[in-house]
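Read through the structure below, which is laid out as structure tokens, and then see the notes.
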Amino acid sequence: MCSVRCSLVRRGSSGEVCSHGMDAVTFNDVHVDFTSEEWTLLDPSQKGLYKDVMLETYWNLTAIGYSLEDHNIEEHFQSSRRHGRPERSHTEEKPYEDMKCGEAFAHCSSLRAHERTHTGEKPYGCNQCDKAFAYHSSLRIHERTHTGEKLYKCIQCGKAFSDQNTLQRHKRTHSEEKPCKCNQCGKAFACHNILQNHERTHTGKKTYKCNKCDKAFTQRYYVRIHERTHTGEKPYGCNQCGKSFACLSSLRVHERTHTREKPYKCNQCSKDFASQSHLKRHERTHTGEKPYECNQCGKAFSIQDTLRVHERTHTGEKPFECNQCGKTFKLHSQLRIHKRVHTGEKPHECDQCGKTFACPSSFQKHKRIHSGEKPYGCNQCDKAFAIHSRLRKHERTHTGEKPFKCNQCGKTFSQSNSLQVHKRTHTGEKPYECNQCGKAFPYDSSLRVHERTHTGVKPYECNQCGKAFGYHSHLQRHERTHTGEKPY
1 MCSVRCSLVR
11 RGSSGEVCSH
21 GMDAVTFNDV
31 HVDFTSEEWT
41 LLDPSQKGLY
51 KDVMLETYWN
61 LTAIGYSLED
71 HNIEEHFQSS
81 RRHGRPERSH
91 TEEKPYEDMK
101 CGEAFAHCSS
111 LRAHERTHTG
121 EKPYGCNQCD
131 KAFAYHSSLR
141 IHERTHTGEK
151 LYKCIQCGKA
161 FSDQNTLQRH
171 KRTHSEEKPC
181 KCNQCGKAFA
191 CHNILQNHER
201 THTGKKTYKC
211 NKCDKAFTQR
221 YYVRIHERTH
231 TGEKPYGCNQ
241 CGKSFACLSS
251 LRVHERTHTR
261 EKPYKCNQCS
271 KDFASQSHLK
281 RHERTHTGEK
291 PYECNQCGKA
301 FSIQDTLRVH
311 ERTHTGEKPF
321 ECNQCGKTFK
331 LHSQLRIHKR
341 VHTGEKPHEC
351 DQCGKTFACP
361 SSFQKHKRIH
371 SGEKPYGCNQ
381 CDKAFAIHSR
391 LRKHERTHTG
401 EKPFKCNQCG
411 KTFSQSNSLQ
421 VHKRTHTGEK
431 PYECNQCGKA
441 FPYDSSLRVH
451 ERTHTGVKPY
461 ECNQCGKAFG
471 YHSHLQRHER
481 THTGEKPY
């Protein structure tokens with residue numbers, strides 16, 4: 001609270017620092033008047049700040065006995081602006097200096113409010129949720145999250161907001177006004193606080209630190225969101241499906257999954273997106289920009305998440321663990337798909353043959369069996385493939401590359417699965433077991449051939465006499481009785 005009898009360090013008119021001792025401060029000492037012309041020059045956020053500081057000063061003074069005759073501070077403000085009286089804000093005199101950081105203020109109440117950024121004092125508590133605030137105006141805005149009150153309405157689209165500053169920021173989305181410009185790169189912003197946040201991308205300054213893990217951030221807002229990773233707090237709940245989020249912006253993006261709203265449009269191809277980050281990511285497909293670079297191998301990516309996943313190829317990190325079998329994965333999506341091995345879930349069904357799949361990529365590959373599509377073409381022999389991995393394997397027939405090496409005998413292979421099969425000659429592993437007689441085999445193909453001894457299936461038929469065989473080698477041997485060939 002700004003004490004009426006305050007002991008301050010005050011700067012004199014000549015610049016020297018002098019003591020401003022125990023002189024009594026009246027309301028006229030600390031309030032500011034504006035003429036009507038001057039008032040029209042202030043933007044809404046400046047007007048809001050003026051009102052908040054003056055109201056707080058008035059409440060503090062009345063708490064110790066000072067009062068205006070009509071007790072109507074709002075009318076006092078209006079009267080002051082009508083008559084106009086040059087005060088410190090017009091002379092730009094700032095006699096009240098914070099001894100911790102050196103920042104100066106025109107009024108005692110502004111200094112006292114600022115000091116709370118150092119002390120962490122939050123004297124204004126919400127009586128509904130125990131959340132506390134440094135400023136009374138912040139408490140009033142917060143209380144509207146409980147009441148749902150939205151006093152400030154956009155006259156262009158009718159959207160309503162709980163505070164005036166948010167309304168002013170929103171109005172700039174209609175006018176595309178961006179009055180705040182970075183003097184280093186020329187980028188412009190609708191709000192001054194967004195400009196300040198942007199400027200830290202040039203300085204690299206991260207002034208806001210998490211007190212649990214020491215991770216630092218450029219914005220106080222990001223610290224608050226980050227701290228929820230420690231507490232697990234998710235205060236923003238969707239009122240349609242109940243899903244909750246740590247960040248309000250994440251809730252807003254999620255709500256669009258219900259409304260199907262996609263307010264962000266690409267100005268090159270007119271594609272629409274639910275979030276601005278998705279639009280920015282998409283725009284890089286047009287520009288080819290890849291701003292996220294791996295500091296170990298130099299590979300660059302258009303998406304930051306893709307870089308983080310790539311970095312795990314260097315670190316070997318697999319942070320996503322299956323709670324049923326302990327298997328770990330580099331990607332959360334890989335873990336989700338893996339869990340279907342345990343649940344048996346196969347949510348992707350082919351509408352042509354009814355076959356179901358656990359993995360969306362396997363489903364996409366399967367659909368090409370019906371369509372005959374082979375989008376992956378070899379640039380050396382014009383052979384095409386339905387699956388990209390098969391193209392890569394095929395290309396090694398041209399290059400002779402055998403990148404997969406056995407660490408026991410040194411033998412190399414062109415395909416990873418060929419190496420895995422080969423390793424069983426060293427380990428004696430036989431993972432493929434017949435469910436009728438229990439006999440085990442090192443290869444899947446060997447098991448399938450063996451199963452025919454139980455089923456009697458003979459898939460290999462002679463096209464000359466119609467005789468069928470259980471093994472391809474037996475068919476080949478039989479065909480020589482027609483040709484008379486004697487290879488041995």
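So for the sequence shown, my numbering puts the first residue at 1; every next one is plus one. Note that CB positions come from ideal geometry on N, CA and C, so glycine has one too.
_Helix, strand or coil, according to DSSP, for His366 in the structure here?_
Translated into positions along the sequence shown, residue 366 becomes position 366. Here His366 sits in helix by DSSP.
*Given a threshold of 16 other Cβ atoms within 10 Å of its Cβ, counted over all protein chains shown, does Pro347 qualify as buried or as exposed?*
Working through the sequence shown from its first residue, we reach residue 347 at position 347. Result: exposed.
_Let me check understanding here. Comparing Cα to Cα, which of Tyr443, His472 and Arg224 lies closest to Val457?_
If you number the sequence shown from 1, residue 457 lands on position 457. The residue with the shortest Cα to Cα distance from Val457 is His472.
_In chain order, each beta strand (DSSP E) run of at least 3 residues that lies wholly inside the segment 168-223_ = none
*Do Ala440 and Glu429 have their C-beta atoms within less than 7 angstroms of each other?*
The residue given as residue 440 occupies position 440 in the sequence shown. The residue given as residue 429 occupies position 429 in the sequence shown. Contact flag unset, no.
*With DSSP collapsed to three states, give me the class of His348.*
As a first step, residue 348 must be located in the sequence shown, where it is residue number 348. Looking at His348 - three-state DSSP - the assignment turns out to be strand.
*Tell me which same chain residues have a C-beta within less than 6 angstroms of the C-beta of Leu248, skipping the five on either side of it?*
Translated into the one-based positions of the sequence shown, residue 248 becomes position 248. Tyr236, listed in sequence order.
_Among Asp382, Glu293 and Pro375, nearest to Ser389 - alpha-carbon criterion_ = Indexing the sequence shown from 1 puts residue 389 at position 389. Comparing Cα-Cα distances from Ser389 to each of Asp382, Glu293 and Pro375, the minimum goes to Pro375.
*asked:* On the CB-based measure, 16 or more other CB atoms within 10 Å of its CB, does His314 come out buried or exposed?
replied: By one-based count along the sequence shown, residue 314 stands at place 314. His314 is exposed by the Cβ-count criterion.
*Contacts around Cys213, its chain only, beta-carbon distance under 8 angstroms, and the 5 residues preceding and following it disregarded*: As a position in the sequence shown, residue 213 is number 213, starting the count at 1. His230.
_According to DSSP, simplified to helix, strand and coil, what is Ala358?_
Taking the first residue of the sequence shown as position 1, residue 358 is located at position 358. The answer is coil: DSSP assigns Ala358 none of H, G, I, E or B.
*Tell me, which residues are paired with Asp272 by DSSP?*
Reading the sequence shown from its first residue, position 272 is the one you call residue 272. Per DSSP, Lys265.
*Which one of Cys126, Thr201 and Met99 has the shortest CA to CA distance from His118?*
If you number the sequence shown from 1, residue 118 lands on position 118. For His118, the nearest C-alpha among the options comes from Met99.
_When Arg312, Leu447 and Asp272 are compared against Phe329, the one with the closest alpha-carbon_ = For the purposes of this step, residue 329 is taken as the residue at position 329 of the sequence shown. Per the C-alpha coordinates, the member of Arg312, Leu447 and Asp272 positioned closest to Phe329 is Arg312.
_Among the candidates Ser302, Cys294, Ala274 and Cys129, whose CA atom is the shortest distance from the CA of Glu283?_
Counting from 1 along the sequence shown, the entry for residue 283 is found at position 283. The candidate whose alpha carbon is nearest that of Glu283 is Ser302.
*Quick one: using the 10 Å Cβ neighbour count with 16 as the cut-off for buried, is Ala106 buried or exposed?*
Residue mapping note: residue 106 aligns to position 106 of the sequence shown, counting from 1. That one is buried.
*Spell out a yes or no on whether the segment 136-155 and the segment 118-127 are touching, meaning 3 or more CB-CB pairs, one atom from each, closer than 8 angstroms.*
yes
*Member of Thr285, His310, Gly288 and Arg281 whose CA lies at the smallest distance from the CA of Cys295*: Translated into positions along the sequence shown, residue 295 becomes position 295. The residue asked about is misnamed: residue 295 is Asn in this sequence, not Cys. Checking every option, the nearest Cα to that of Asn295 belongs to His310.
*Looking at the structure shown, is Lys339 part of a helix, part of a strand, or coil, going by DSSP?*
Against the sequence shown, residue 339 aligns to sequence position 339. Three-state DSSP puts Lys339 in a helix.
*If His226 and Lys215 are in contact, beta carbons under 8 angstroms, what's the gap, nearest whole angstrom?*
Here residue 226 corresponds to residue number 226 of the sequence shown, with the count starting at 1. Here residue 215 corresponds to residue number 215 of the sequence shown, with the count starting at 1. His226 to Lys215, Cβ: 6 angstroms. Contact.
*Around the Cβ of Arg112, are there at least 16 other Cβ atoms within 10 angstroms (buried) or fewer (exposed)?*
The count along the sequence shown starts at 1 and reaches residue 112 at position 112. With 16 or more Cβ atoms within 10 Å of its Cβ, Arg112 is classed as buried.
*Along the chain, which unbroken stretches of the alpha helix (DSSP H) at least 4 residues long are found entirely within the segment 375-430?*
388-399 and 416-427
_By DSSP's criteria, Tyr236 is part of a beta bridge. Which residues make up the other side?_
Residue 236 sits at position 236 when you count from the first residue of the sequence shown. According to DSSP, Tyr236 bridges with Phe245.
_Cα-Cα separation between Thr399 and Asn379, rounded to whole angstroms_ = Within the sequence shown, residue 399 is the residue found at index 399, counting from 1. Within the sequence shown, residue 379 is the residue found at index 379, counting from 1. One C-alpha to the other measures close to 12 angstroms.
*Beta-carbon separation (whole angstroms), Tyr292 vs Ser275, contact threshold 8 angstroms*: As a first step, residue 292 must be located in the sequence shown, where it is residue number 292. As a first step, residue 275 must be located in the sequence shown, where it is residue number 275. With a Cβ gap of about 18 angstroms, Tyr292 and Ser275 do not count as contacting.
*Could you pull out every residue in the same chain whose Cβ sits closer than 7 angstroms to the Cβ of Glu149, ignoring the five residues on either side in sequence?*
As a first step, residue 149 must be located in the sequence shown, where it is residue number 149. Around Glu149: Ser162.
*Lys290 versus Ser277, Cys297, Leu279 and Gln304, residue with shortest Cα-Cα distance*: The count along the sequence shown starts at 1 and reaches residue 290 at position 290. If we check each option's Cα against that of Lys290, Gln304 comes out closest.
_Tell me the rounded alpha-carbon separation between Gly470 and Arg480._
Taking the first residue of the sequence shown as 1, we reach residue 470 at position 470. Taking the first residue of the sequence shown as 1, we reach residue 480 at position 480. Between Gly470 and Arg480, the C-alpha separation is close to 17 angstroms.
*asked:* Less than 7 angstroms between the C-beta atoms of Arg228 and Ala246, yes or no?
replied: Here residue 228 is taken as the residue at index 228 of the sequence shown, counted from 1. Here residue 246 is taken as the residue at index 246 of the sequence shown, counted from 1. Yes; because the gap between Cβ atoms is below 7 angstroms, this pair is in contact.
*asked:* For Ser445 and Arg452, I'd like the C-alpha separation in whole angstroms.
replied: Taking the sequence shown and counting its residues from 1, one reaches residue 445 at position 445. Taking the sequence shown and counting its residues from 1, one reaches residue 452 at position 452. Each residue's Cα considered, the two are about 11 angstroms apart.
*Using DSSP with H/G/I as helix, E/B as strand and the rest coil, what is Glu121?*
Here residue 121 refers to the residue found at position 121 of the sequence shown. Residue state, collapsed to three classes: coil.
*Determine the DSSP secondary structure at Ala132, reduced to helix, strand or coil.*
Translated into positions along the sequence shown, residue 132 becomes position 132. Of the three classes helix, strand and coil, the one that applies to Ala132 here is strand, per DSSP.
_Same chain, Cβ closer than 8 angstroms to His114, five either side skipped, listed in chain order_ = Walking along the sequence shown from the start, residue 114 turns up at place 114. Excluding sequence neighbours, His114 sits near Asp98, Glu103 and Phe105.
_Quick check: the Cα distance between Asp23 and Tyr96, rounded to an integer number of angstroms?_
Within the sequence shown, numbered from 1, the residue matching residue 23 stands at position 23. Within the sequence shown, numbered from 1, the residue matching residue 96 stands at position 96. At Asp23 the pLDDT is 44, less than 50, meaning the model places this residue with poor confidence; the figure from the coordinates comes in the next sentence. Each residue's Cα considered, the two are about 14 angstroms apart.
*Locate the alpha helix (DSSP H) running through Leu475, then write down its first and last residues.*
Along the sequence shown, read from residue 1 onward, the residue named residue 475 stands at position 475. Leu475 -> alpha helix (DSSP H) spans His472 to Thr483.
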